[in-house]
Amino acid sequence: MVRPDSPHNYPGTLGHRPVAVQFHAGSHYVALRLLEGYLPNDKIKLVHFGSPQQRFEAMWRGEVDACVVMEPWIALGEKLGCKALCEGHYLGAENASDDMDEATFAAINRAVGKAIDLLNADKRRYLHYLIDDPRHAQALAKYGGLTPEDFHLPRLRYVKATPYTDEIVADTYHWMVRWGLIDSKASAADLVDNRIARAAATLADDA
Amino acid sequence: MKKVVSEISGAVFSLPWFIAKDHGLFEAEGIDMEFVRTRPSGAVPQTENPEAVNPILGHTAFEERRVSIYRA
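Shown next, in the form of structure tokens:
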């Protein structure tokens, strides 16, 4: 996302220009995946700025040419006239500790799955959770605030949890190795253990 | 009731979890769900070097085993 008066109108002019991300988080990986389609790798200039608010405000103040953010910062930026140059999506992950048992994980997934049905039936009804989140409610208000009507609903994609496929894990692993984000000696099989997720998904489906 | 403590970071990642808790869906499954919010990071040193940033980021509660699940 760029400022309303930014000369940038598509990602191809962002070469050697600073783009605010949070390293090792979704904004970092999505930025690389999007920008590598427009720019040679050595022209991509990502800068770690921390939280979505810090990234958004660095863009708004002009410290960086662009920032990578998720909702509700996209809705706020668009309300303020900022331009989205590109948009990407990624799979979320539930990360459980090694003492999480299958039955508990399946029960959690059933509850969250029912909530996803409620959410998808009427997304606007639940957007107050994004607007009123104490982490950023004051910051949103500072820029004029948001209402549920400010959000582009198709952007909010919630699906029921399923285990990552081996193909997705392998593709992501090789992409990370190519960018030097993971040790090439590491094995995907050693890094991802879907043991509980697979069993819990079966239990949740059976319920 | 089985006690589970979950980390909450970005609200957009946890939206269904908020709904599940407020609609009693965890309770109906026998889960006593508690949320622990990560603290927003303060000023961070800006860097272009990913290796200069701890990849754990704000997930310290999980690393310290104070929560048993988080999402990102």
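Taken in order, these protein sequences are the chains called D and G. Okay, so the first sequence: first residue is 31 according to the working numbering, each after it adds one. Okay, so the second sequence: first residue is 346 according to the working numbering, each after it adds one. C-beta atoms are modelled at their ideal positions from N, C-alpha and C, and glycine is treated no differently.
Asked	Found
What separation, rounded to the nearest whole angstrom, lies between the Cα atoms of Lys190(D) and Pro361(G)?	10 Å
Any Cβ of chain G within less than 9 Å of the Cβ of Asn125(D)?	yes
How many Å lie between Ser351(G) and Ile376(G) at the Cα?	11 Å
Check the Cβ of Phe363(G) against every Cβ in chain D and list those closer than 7 Å, keeping chain order.	Tyr159
Using the DSSP secondary-structure output, state which residues sit across from Arg382(G) in a beta bridge.	Ile353(G)
Of all the options Gly210(D), Lys113(D) and His46(D), which has the alpha carbon lying nearest to the alpha carbon of Lys73(D)?	His46(D)
Say whether chain D places a C-beta atom closer than 9 Å to the C-beta of Glu379(G).	no
Among Ala61(D), Glu108(D) and His58(D), which residue has its Cα nearest to the Cα of Asp35(D)?	Glu108(D)
When the Cα of Lys172(D) is compared with those of Trp90(D), Ala61(D) and Ala137(D), which residue comes out closest?	Trp90(D)
Can you grab the Cα-Cα spacing for the pair Gly42(D) / Leu106(D), in whole Å?	24 Å
Can you list the residues of chain D that Val389(G) reaches, using a CB-CB cut of under 9 Å?	Gln52, His78, Phe79, Gly80, Ser81 and Gln84
Compile a chain-ordered list of the residues in the segment 403-416 of chain G whose CB is closer than 9 Å to at least one CB of chain D.	Gly403, His404, Phe407, Arg410, Val412, Ser413, Ile414, Tyr415 and Arg416
Using the beta-carbon count (16 or more within 10 Å), is His158(D) buried or exposed?	exposed
Any residues in the segment 174-208 of chain D with a beta carbon nearer than 7 Å to a beta carbon of chain G? Which ones, in chain order?	Tyr188
Given that Asp213(D) touches chain G, what residues does it touch there, using C-beta distances under 8 Å?	Simply none; closest approach about 12 Å.
Looking only at its own chain, which residues have a Cβ that is under 6 Å from the Cβ of Ser57(D), when we skip the five neighbours before and after it?	Val51 and Val98
Residues bridged to Thr392(G) by DSSP?	His78(D)
Is it buried or exposed for Thr195(D), if we count other Cβ within 10 angstroms and need 16 for buried?	exposed
Using a C-beta to C-beta distance shorter than 8 Å, which residues of chain G count as neighbours of Leu115(D)?	In chain order: nothing, as chain G lies at least about 20 Å away.
Can you tell me whether Pro400(G) is buried or exposed, with buried defined as 16 or more other CB within 10 angstroms of its CB?	exposed
Residues in its own chain within less than 8 Å of Gly118(D) by CB, not counting five upstream and five downstream?	Val60, Arg63 and Leu64
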